[in-house]
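**Student:** Right, I'll just put the structure down here and ask away after.
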Amino acid sequence: MKKILLFIFISSFTLSISIAQDSASAYLKKGQDLYEAKEFVKSMNAYKKGLKFEPENYDLTMGVADSKHKLELFTQAVEWYDKAEKINENDAELYFNRGAAYVFMEEYKKAIRDFNESIKQRPDFPDVYYYLGFSNAELSRYNAAIEAYSKAIEL
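Going left to right, the sequence shown walks through residues 1089 to 1243 as our numbering numbers them.
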């Protein structure tokens, strides 16, 4: 009887581990580890697998977007940032990252819009002011560029 109970316990424990490894949080962790290792294709795939378990998971969606950004797939990155925005529009980093993607796509007006939203949510973020200045300079808005660069230096 003890052997049967031990077998049932071990089987249940093993099943629990396999289920836990096949979950959104497990794929999020795996994606983060791969992203940190600069394995962006693999990280993107891990995040996408996690989204099969939780399609509205903000961190997984941002993970896909950020991975695509690092792979210089800027149009696709913007599409994923748009999806992330529908889940959570209160993240300054989302707007900064999407704005940066727009800069690489040379869509400076859209970039400025996102940088301003990022600043509204997190006014103490110096990188966003640098990119805001750059975007304004590219549109020949030199006074706005100087103002943004000055704020970046101040912070």
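The C-beta atom is built at its ideal place from N, Cα and C for all residues, glycine as well. Values in this document were obtained by computation on a predicted structure and should not be read as measured data.
At the level of alpha carbons, what is the spacing between E1144 and A1180?
**Tutor:** Each residue's alpha carbon lies about 19 Å from the other.
**Student:** Does DSSP put E1124 in a helix, in a strand, or in coil?
**Tutor:** Of the three classes helix, strand and coil, the one that applies to E1124 here is helix, per DSSP.
**Student:** For D1215, which three-state DSSP category applies?
**Tutor:** Helix at D1215.
**Student:** Roughly how far, in whole angstroms, is the beta-carbon of V1166 from the beta-carbon of Y1190, given that I think they are within contact range, below 8 Å?
**Tutor:** About 7 Å separates the two Cβ atoms, so the contact holds.
**Student:** For F1184 versus V1152, is the C-beta spacing smaller than 8 Å?
**Tutor:** No, these two residues do not count as a Cβ contact at 8 Å.
**Student:** Extract the residue ranges of the alpha helix (DSSP H) inside the region 1147-1228, only unbroken runs of 4 or more that lie entirely within it.
**Tutor:** List check, alpha helix (DSSP H) in window: 1162-1175, 1180-1192, 1196-1209 and 1214-1226.
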